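Quick note: the sequence shown uses the working numbering, first residue 1098, plus one each step.
Glycine included, every Cβ here is placed at the ideal spot set by N, Cα and C.
If you're wondering where the values come from, they're calculated on a predicted model, not measured in any experiment.
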Amino acid sequence: MSDIHTLSVQDIIKPENLVYEKTKLMTDKTLSYCPGCGHGTAHRLMMEAIEELGKENDTIGVAPVGCSVLAYEFMNVDMQEAAHGRAPAVATGIKRVWPNKLVFTYQGDGDLAAIGTGETIHACNRGEQIVMVFINNGIYGMTGGQMAPTTLPEMKTSTSPYGRDVNMMGNPLKMTELIAQLPGTHYVTRQAVHTPAAARKTKRAFKKAFQNQIDGKPGVSFVEVVSNCNSGWKMTPIDSNKWMEENMFPFYELGDIKVDGKLIEK
């Protein structure tokens, strides 16, 4: 029998020996996100899901302002830019003009849960047939690490150097639980991408969200991804993932919140 030491390069690269290959829906451009950031993994999982569904030629993504503004450079599908916080409105227009297209937004917490709160809530309340992807790292990553609506209590940022004081600065906004209460949301879930197991769950969530739209299921499919911002948190990637597990996940609990229009009882 042959072992790994006697296999030729030609043997190793045979299709039957292929374990993994890059999706064709990711461009060849080098990711410009900070090393250790979850954006790149989220991008890949989304594009793999769309490719596996065979919808690469019928997909339109909307990227607003924040780290997510760079998505069009890496996702090899049709993309449209939007003003800060206005991605749900732009996606609504696109979907209503081209109802057979697969339309998604890709937004950060500063965009979706701050300047875009109104757009988010009203798109969800109207029940637009779009997918909304929400990357939540609890901080304004692109502009210097300022406090975001999702910043945890006592969490230090550049604008809350002594920690978020909820008596002065208010409570973190659990956007996903909030929009799950609206009748226009069909599927609402919160996932992560920091481990292979978490990434697999997130890919299934993306695929379900996109399949809902393909099947004409009424309402928004909303996928939150709790991610790290190791540069904004002033941590190494490994330490930031550990901090996220110990601090973010207890507050932003992972799992499905609403499936097929019905809230999940905890």
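Are the beta-carbon atoms belonging to residue 1168 and residue 1216 less than 8 Å from one another? no
Do you know whose CA, among 1150, 1229 and 1236, lies nearest residue 1269's CA? 1236
Measuring only the C-alpha atoms, how far is residue 1259 from residue 1219? 34 Å
As a quick exercise: from 1148, 1143, 1221 and 1163, pick the residue whose alpha carbon is nearest that of residue 1284. 1221
Host alpha helix (DSSP H) of residue 1142 (start-end): 1136 to 1149
In or out: residue 1355 buried (at least 16 other Cβ within 10 Å) or exposed? buried
Expected contact under 8 Å - CB spacing of residue 1210 and residue 1246 to nearest Å: 4 Å
Go ahead and pull the three-state DSSP assignment for residue 1099. With a pLDDT of 47 at residue 1099, under the threshold of 50, the predicted position of this residue should be treated as unreliable, though the coordinate-derived value follows. The answer is coil: DSSP assigns residue 1099 none of H, G, I, E or B.
Could you pull the start and end residues of the beta strand (DSSP E) that residue 1308 belongs to? Looking at the DSSP string, residue 1308 is not in any beta strand (DSSP E); the run it does join, the alpha helix (DSSP H), is 1293 to 1311.
Do you know how far the Cα of residue 1177 is from the Cα of residue 1190? 11 Å
Which residues in the same chain have their Cβ closer than 7 Å to the Cβ of residue 1138, if we skip the five residues on either side of it in sequence? 1290 and 1296
With DSSP as the reference, identify every bridge partner of residue 1176, one or two as the case may be. 1158
Residue 1153 - DSSP class collapsed to helix/strand/coil: helix
Would you tell me roughly how many angstroms separate the C-alpha atoms of residue 1286 and residue 1227, rounded to the nearest one? 15 Å
By DSSP, does residue 1349 sit in helix, in strand, or in coil? coil
Just reading off the alpha helix (DSSP H) that residue 1322 is part of, what are its end residues? From DSSP, residue 1322 is part of no alpha helix (DSSP H) but of the beta strand (DSSP E) over 1317 to 1323.
Spell out a yes or no on whether the stretch 1272 to 1282 and the stretch 1341 to 1360 are touching, meaning 3 or more CB-CB pairs, one atom from each, closer than 8 Å. yes
Would you mind stating whether residue 1157 and residue 1200 have Cβ atoms separated by less than 8 Å? yes
Report all residues from its chain with a CB closer than 7 Å to the CB of residue 1128; omit the five preceding and five following residues, and keep chain order. 1137 and 1171
Supposed close pair residue 1273, residue 1321 - CB separation, criterion 8 Å: 5 Å
So is residue 1193 buried or exposed if we call it buried at 16+ other beta carbons inside 10 Å? exposed
Residue 1363 to residue 1347, Cα distance in whole Å? 14 Å
Length at least 3, wholly inside the stretch 1193 to 1225: the beta strand (DSSP E) runs in chain order: 1199 to 1205
Could you give the first and the last residue of the continuous beta strand (DSSP E) run that contains residue 1229? 1228 to 1233
Can you name the start and end residues of the beta strand (DSSP E) that residue 1289 belongs to? 1282 to 1289
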